[in-house]
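Start counting at 1 in the sequence shown, then tack on 2, and there's your number in my numbering. Beta carbons: idealized from backbone N, C-alpha and C, even for Gly.
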Amino acid sequence: MKLTTYLSSLLFLVSLLVMCSYSPEKDLDRKVINPSLIYADDDTTLLGTFSFDGYKTAPYFCESLREEVKTLLNQKDKKGRYIRRKKNGQKYSLYEDELKVYTTIDPKLQTYAEAALKKHLATNLQPAFSKNNQTVKRFPFSDTYNGRKVTGETIENIMRRARKSSDRYVNLKTNGYSESEIEKSFDVPVRMQLFSWKGEVDTVLTPNDSIRYAKNMIRAGLISIEPASGEVKAWVGGIDYDHFKFDHVQQGKRQIGSLIRPFTYATAFSMGVVEPCTKLSPEQYCMDPCDPSGERWCPSGTPSKTVKEGFVFSSGGGTTISVMSKMGACEGPQNIADLFQKMNITIPEMQIVPSICLGIPDMSLIEITSACSIFPNGGTYVTPRTIRRIEDKHGNVIYESVKESKKVLNEIFAHDVLRLMKSTTRSGTSTSLRWHEEWGGITYPTASYAGTTQGNADMWFVGITPDLVTGIWTGGEDKQVRFRSMLWGQGARASLPIYGYYMQSVYADSSLAISTSDWDTPLNYPSERFDCNSTK
């Protein structure tokens, strides 16, 4: 090898090591003079500062908050002036003007939420998933997804996207390295730190292998919202902010699967085509297409005896399909989409089809959780909010949030769904909240529902009390990284336990004064709606 070639290769490897420790955020941090402060809902607990590495707690929330505050500070009026401006007309800076941002986050709930997520993933879910992946041929990717083979091309596309989104790729590209050189660098072993639930691991690994290692880590998100006010009380966007900055509360949108059922049934009730005790015949239901050029839809699945029974015991999709058939191929899907649109969630036109009832739309965790708030709220949707007010360094209020709410569903039908979700906790798929020796013992009134997508790629759970609506998602970073069985690959096993651990801590803390009461029944609610002994 020529000396010049050898030196060039050596310098290239050294540059890789240097770039591993380079952080654009830390570099920007040196320019921060008087960073703004982030406070919890008690106005005294400091969550952190807007100095990139200044997040003391709730880092995913604080990073999301940074973008929200920047948007507020950049807003202008019709004359082109900043709405929130200093005396000299200039806009405020997050990094120089020492603003005080008072948030809705409850520091205790945040702590309990983070601990619950960590406990379940470290103790139960990640070990189960690692065991699940022992026999896959192309670790950590499943050999099949949704009944189809996962091709080498699919895996390479996933790996390529991961490489191109890495700091390593960006830094090398910025420094003029060719695509070929960058590709080769990902197969060069370098010293690095990897995340593990037992603490960071110092090792030497190729960047490609480190990507595979990271993708084997099950991800999760949790958000807890006060339904009456819309205030976000806890926000856990991922498993470890230092290693995985993608926020699964707000950034990630995944297929919601069977978690769409409460909204499908609410729509059916409002259309008057079924009631909770409506009896269903054991037959296959087919639907003619809304579009005459389309094909007739005849999905498999046998419904339960009644609408209530099918909802509570999650009997596949048979009951939901039978309910959808009564709603109509055109009107039913559109009415479901309209309900979501009233809650600021847009369903793509191509998904407004009968199979919408199986949960094909993608939504973020904050979207579906805030949407579930309509059931304890008597059909009223309250827009989630994270900021109470912003003050300048002198204590002058420059922004104050207001509650935004609107009626989207009749309170009778909202209470119908709430009762169905309570039955799910008492006798359906969420009963382990009551009896399980690890995450159970939750005996206070709780409405809940678990959701799972085809292929066990996305596992959801929503738990509702009078004071808190909590949504949880677990899954792989990619859908091809998934559980291959229902043992742990379902919402009731992958996500529900996090809620159980969380609420154990919440109820044990008397200082929080979380309600343990049941919901009030609407004054005009017909008692016979759940009398399933009569003929309907």
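Item, Value
"Grab me the residues of T321's own chain with a C-beta within less than 6 Å of its C-beta, minus the 5 sequence neighbours each way, in chain order.", "P305, S306, G312"
"Kindly indicate which residue of V238, Q257, D99 has the alpha-carbon position closest to the one of W558.", "This structure cannot settle anything about residue 558, because the visible part of the chain is limited to 3 through 538."
"At the level of alpha carbons, what is the spacing between C288 and C359?", "14 Å"
"Whole angstroms is fine: what's the gap from T208's alpha carbon to R165's?", "12 Å"
"Helix or strand or just coil, what does DSSP make of A416?", "helix"
"Can you give the Cα-Cα distance for P524 and K408, rounded to whole angstroms?", "18 Å"
"For G296, name the three-state secondary structure that DSSP assigns.", "coil"
"Quick check on DSSP: helix, strand or coil for L30?", "Low per-residue confidence applies at L30: pLDDT is 43, beneath 50, and the placement is therefore not dependable enough to give any value."
"Following the continuous alpha helix (DSSP H) through E161, name the residue where it begins and the one where it ends.", "What sits at residue 161 in the sequence shown is Met, not Glu. Note, M161: alpha helix (DSSP H), 154-166."
"With a threshold of 16 other CB atoms inside 10 Å of the CB of T176, please say whether the residue is buried or exposed.", "exposed"
"Quick one: which unbroken alpha helix (DSSP H) runs of 4-plus residues sit fully inside the segment 393-439? Chain order, please.", "413-429, 434-437"
"Under three-state DSSP, which class holds I474?", "strand"
"I need the straight-line Cα distance from W299 to D290, nearest angstrom please.", "6 Å"
"Helix, strand or coil for D364 per DSSP?", "strand"
"Can you name the start and end residues of the alpha helix (DSSP H) that S272 belongs to?", "263-273"
"Contact defined as beta carbons within less than 8 Å: I believe R86 pairs with I400. What is the distance between those atoms, to the nearest angstrom?", "5 Å"
"To the nearest angstrom, how far is it from the Cα of G465 to the Cα of Y104?", "27 Å"
"Quick one: what's got a C-beta closer than 7 Å to D511's C-beta in the same chain, skipping five residues either side?", "K110"
"Restricting to runs no shorter than 3 residues, where is the beta strand (DSSP E) found entirely within the segment 177-208?", "192-196, 203-207"
"Reducing DSSP to helix, strand and coil, say where V384 ends up.", "strand"
"Would you give the residue range spanned by the beta strand (DSSP E) that T105 belongs to?", "102-105"
"Mind the definition here: the segment 246-256 touches the segment 381-399 only if three or more C-beta pairs lie below 8 Å; say whether that holds.", "no"
"Pair every Cβ in the segment 379-394 with every Cβ in the segment 276-283, then say whether three or more of these pairs are closer than 8 Å.", "no"
"The alpha helix (DSSP H) that contains D340, what's its start and end?", "333-344"
"Give the range of the alpha helix (DSSP H) segment to which T51 is assigned.", "Per DSSP, T51 belongs to no alpha helix (DSSP H); it is in the beta strand (DSSP E), 48-51."
"Check whether the segment 477-484 and the segment 207-223 touch, using three or more Cβ-Cβ pairs below 8 Å as the test.", "yes"
"Between the alpha carbons of Q286 and M352, how many angstroms are there, rounded?", "25 Å"
"So, with DSSP's three-state summary, where would you put Y24?", "Residue placement at Y24 is flagged as unreliable, the pLDDT there being 35, under the threshold of 50; a coordinate-derived value is accordingly withheld."
"Determine contact between the segment 112-120 and the segment 234-248, defined as no fewer than three beta-carbon pairs at a distance below 8 Å.", "yes"
"Should T46 go down as buried or exposed, given a rule of 16 or more other Cβ atoms within 10 Å for buried?", "exposed"
"Give me the Cα-Cα distance between L101 and E233, rounded to the nearest whole angstrom.", "21 Å"
"Could you spell out the range, first to last residue, of the alpha helix (DSSP H) harbouring V314?", "309-314"
"Look at V309 and L282 and say whether their C-beta atoms are less than 9 Å apart.", "yes"
"Cβ atoms of P499 and P1: under 9 Å apart, would you say?", "The question about residue 1 has no answer, for the chain in this structure spans 3 to 538."
"List the DSSP bridge partners of V325.", "Paired residues: none, contrary to the question."
"Under a Cβ-count criterion, where at least 16 other Cβ atoms within 10 Å of its own Cβ denotes burial, should E297 be classed as buried or exposed?", "exposed"
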